[in-house]
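According to the UniProt record's numbering, the sequence shown is numbered sequentially starting from 1.
C-beta: ideal position from N, C-alpha, C; glycine also.
First the structure, in the form of structure tokens, and then the observations on it.
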Amino acid sequence: MAVPADPIIDEEEEVEDGGPAHHPYAPSHEFFDLPTTVDPSYIISLIRKLLPPDSASRSTYSEVASENPNRGEEEEGDASSVSVSNEENVKSSRDKSENMDVDVSAEFSRGECEGTDVSVGESAWEEYGCVLWDLAASKTHAELMVDNLILEVLLANLLVCKSARVTEISIGIIGNLACHEVPMKHIISTQGLIGIIIDKLFLDDPQCLYEACRLLTAGLQSGESITWAEALRSEHVLCQILWIAENTLNHQLLEKIMGLILVVLESQQKVMDALLLPMMKLGLANILISLLTFEISKLTSERIPERYSILDLILCAIEALSVLDDHSQEICSSTELFQLICDLVKFPDKVEVGNCCVTAAVLIANMLSDVPDHALRISQDLTLLGGLLDIFPFASDDMEARNALWNVIARILVRIQEPEMSPSRVHHYIMVLVKKHDLIEDELLNQRVESGDEQHSLCSPGSAENARNVSLGMIISILNKWTAEKENAKNNRNAEVPVSETDVKRLLDCCRKFFNYN
């Protein structure tokens with residue numbers, strides 16, 4: 001699918017090896033004064049070969065391959081947003097779908113363009129289109145293409161061609177062009193192009209939908225985001241986007257459409273004003289919770305690595321909603337959601353889903369801030385306390401996440417000091433803390449190194465250091481109380497789970513050292 005790549009063959013060793021098989025050699029004649037390894041006249045000839053078969057269209061776009069195309073400066077585009085149509089992408093495009101599911105063993109499903117007298121067959125069209133798809137990742141080539149009417153040619157194909165593969169390639173090329181500022185302006189100014197792209201959201205081909213979502217995401221991330229938002233704001237269109245998210249079985253498409261939804265949630269205010277309120281009215285919050293329920297069930301039962309990124313995107317979308325003043329209450333008041341993310345934090349094997357667990361911890365902190373009553377549900381959850389401490393290594397470079405972790409831990413620990421808490425229950429809490437001593441010490445050391453000479457910022461309200469010190473103070477108080485009453489506590493201890501006084505002292509000394517440090 002869409003992966004970062006450098007589509008330009010500019011390394012001598014690749015040339016010596018013959019280059020990628022899907023890149024035909026450029027013609028040796030009519031070289032333009034353009035600093036590129038691909039002859040501009042070759043690119044223009046490829047654009048001409050994509051012209052629709054009917055004579056009217058070919059006449060309309062006769063300007064293509066003009067003798068003096070505009071020249072651009074050699075500069076690579078944003079590789080993080082481009083996709084390639086190389087062998088990997090071609091392979092992924094061979095997937096047929098039923099109910100939007102993927103069958104990687106299937107062959108190409110090629111439709112037929114309107115008309116039977118086609119000078120360039122679909123197979124050849126696909127070959128030329130894939131080369132242009134790759135080359136469109138380069139800023140220089142992209143600007144050359146739009147100056148030579150590739151957008152008009154692609155628009156004509158989208159209007160007259162019924163082939164899913166041709167549609168996918170056409171939108172894919174536009175998606176790569178959209179990663180560059182000048183071509184994006186051409187896309188915006190090409191009459192009817194945005195409308196036909198949005199219409200493709202109503203196709204049932206997952207690869208076409210994937211490329212359409214990628215292009216719309218690029219549009220909302222560009223300097224022309226408001227124009228794209230205005231084009232998407234129709235309830236009919238937004239309902240379709242949410243329907244795809246809720247119903248697709250294709251995990252690649254689900255990942256891409258969740259990325260589109262997340263971009264909406266993280267966009268500038270004008271974009272959110274246009275799109276977010278109608279999406280919330282259409283049930284966005286419930287859809288996200290439903291998707292999270294499904295992904296967590298998959299995580300606990302099947303452990304499918306390809307789905308971990310989807311889980312992360314869903315959590316990020318929910319976390320983004322949880323901090324928006326106008327919409328946070330709907331998210332934060334959900335007891336179902338709170339239980340789901342607590343279950344994720346308690347997931348024992350965090351290695352492959354560490355980022356997801358970090359986001360879940362931040363989300364718990366946000367929900368507790370909005371709805372303090374949630375704290376009652378976790379106040380005696382020993383497994384959750386252990387799970388929160390297990391997350392620290394995955395949040396070592398995220399100050400906000402560590403702050404959230406310490407805040408949630410503090411809300412749990414404060415309950416331990418309540419008079420009605422039985423000595424045996426306190427004993428079990430101490431067991432968890434002692435067992436996680438190394439994790440606690442590593443986190444404190446990490447924080448100490450990061451703090452360095454910035455002592456003036458320590459313990460400021462809301463800071464990670466302040467949240468940490470509150471938790472450390474509570475741990476010290478609990479351990480001191482337990483030590484002072486250890487003789488009485490012995491009568492309530494479970495012999496199967498003894499706590500070593502030496503281990504308690506080590507933890508106590510560690511907490512005191514770092515508590516005093518600040």
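Quick check on residue i: does DSSP put it in helix, strand or coil?
{"i": "Cys179", "result": "coil"}
{"i": "Ser80", "result": "With a pLDDT of 49 at Ser80, under the threshold of 50, the modelled position of that residue is not reliable, and the figure given next carries that caveat. Of the three classes helix, strand and coil, the one that applies to Ser80 here is coil, per DSSP."}
{"i": "Ser138", "result": "strand"}
{"i": "Ser234", "result": "coil"}
{"i": "Ser105", "result": "Below a pLDDT of 50, predicted positions are generally treated as unreliable, and Ser105, at 27, falls in that range; the measurement from the model is reported next regardless. Here Ser105 sits in coil by DSSP."}
{"i": "Ser28", "result": "No answer about Ser28 holds up, because its pLDDT of 44 lies below 50 and its placement is not dependable."}
Mark residue i as exposed unless 16 or more other C-beta atoms lie within 10 angstroms of its C-beta, in which case mark it buried.
{"i": "Pro52", "result": "buried"}
{"i": "Glu67", "result": "In this prediction, Glu67 has a pLDDT of 41, which is less than 50 and means its spatial position is unreliable; nothing more can be read from the coordinates."}
{"i": "Asp134", "result": "buried"}
{"i": "His427", "result": "buried"}
{"i": "residue 521", "result": "In the structure as shown, the chain starts at 1 and stops at 518, and residue 521 therefore has no counterpart that could be examined."}
{"i": "Asp204", "result": "exposed"}
{"i": "Lys505", "result": "exposed"}
{"i": "Ile304", "result": "exposed"}
{"i": "Pro372", "result": "exposed"}
{"i": "Thr248", "result": "buried"}
{"i": "Lys513", "result": "exposed"}
{"i": "Arg377", "result": "exposed"}
Is the separation between the beta-carbon of residue i and that of residue j shorter than 7 angstroms?
{"i": "Ala375", "j": "Arg411", "result": "yes"}
{"i": "Ile287", "j": "Ala231", "result": "no"}
{"i": "His186", "j": "Leu132", "result": "no"}
{"i": "Leu388", "j": "Val408", "result": "yes"}
{"i": "Leu472", "j": "Phe515", "result": "yes"}
{"i": "Leu177", "j": "Ala136", "result": "yes"}
{"i": "Asn446", "j": "Ser500", "result": "no"}
{"i": "Leu238", "j": "Pro278", "result": "yes"}
{"i": "Ser170", "j": "Leu158", "result": "yes"}
{"i": "Leu282", "j": "Leu340", "result": "no"}
{"i": "Leu368", "j": "His437", "result": "no"}
{"i": "Cys332", "j": "Asp381", "result": "no"}
{"i": "Ala218", "j": "Cys179", "result": "yes"}
{"i": "Glu443", "j": "Cys510", "result": "no"}
{"i": "Ser222", "j": "Met258", "result": "no"}
{"i": "Leu385", "j": "Val432", "result": "yes"}
{"i": "Cys213", "j": "Lys256", "result": "yes"}
{"i": "Phe392", "j": "Leu439", "result": "yes"}
{"i": "Asn148", "j": "Ile314", "result": "no"}
{"i": "Glu306", "j": "His251", "result": "yes"}
{"i": "Gly354", "j": "Phe394", "result": "yes"}
{"i": "Asn366", "j": "Ser422", "result": "no"}
{"i": "Val434", "j": "Asp326", "result": "no"}
{"i": "Glu211", "j": "Ile188", "result": "no"}
Rounded C-beta distance between residue i and residue j? I'm assuming under 8 angstroms.
{"i": "Glu330", "j": "Val362", "result": "Between Val362 and Glu330 the Cβ distance is about 18 angstroms, and since that is not below 8 angstroms, they are no contact."}
{"i": "Ile226", "j": "Val271", "result": "6 angstroms"}
{"i": "Lys240", "j": "Leu275", "result": "At residue 240 the sequence reads Gln, which differs from the Lys that was named. In fact, because the Cβ distance is near 13 angstroms, the residues do not count as touching under 8 angstroms."}
{"i": "Ile196", "j": "Leu155", "result": "7 angstroms"}
{"i": "Leu216", "j": "Trp228", "result": "7 angstroms"}
{"i": "Val358", "j": "Asp390", "result": "Contact doesn't hold; Cβ gap of about 11 angstroms is too wide."}
{"i": "Gly129", "j": "Ile173", "result": "7 angstroms"}
{"i": "Val166", "j": "Glu122", "result": "7 angstroms"}
Say whether chain D places a C-beta atom closer than 7 angstroms to the C-beta of residue i.
{"i": "His327", "result": "Annotation note: the requested chain D is absent from the structure, which comprises a single protein chain."}
Count the CB pairs spanning the region 262 to 278 and the region 292 to 307 that are closer than 8 angstroms, and state whether there are at least three.
-> Result no; under three Cβ-Cβ pairs closer than 8 angstroms.
State whether the region 38 to 48 contacts the region 131 to 149, with contact taken as three or more CB pairs (one from each stretch) at a distance under 8 angstroms.
-> Segments in contact, yes.
Answer yes if the region 336 to 348 comes into contact with the region 302 to 310, meaning at least three C-beta pairs across the two stretches below 8 angstroms, and no otherwise.
-> Because the criterion of three Cβ pairs below 8 angstroms is not met, the region 302 to 310 and the region 336 to 348 do not touch.
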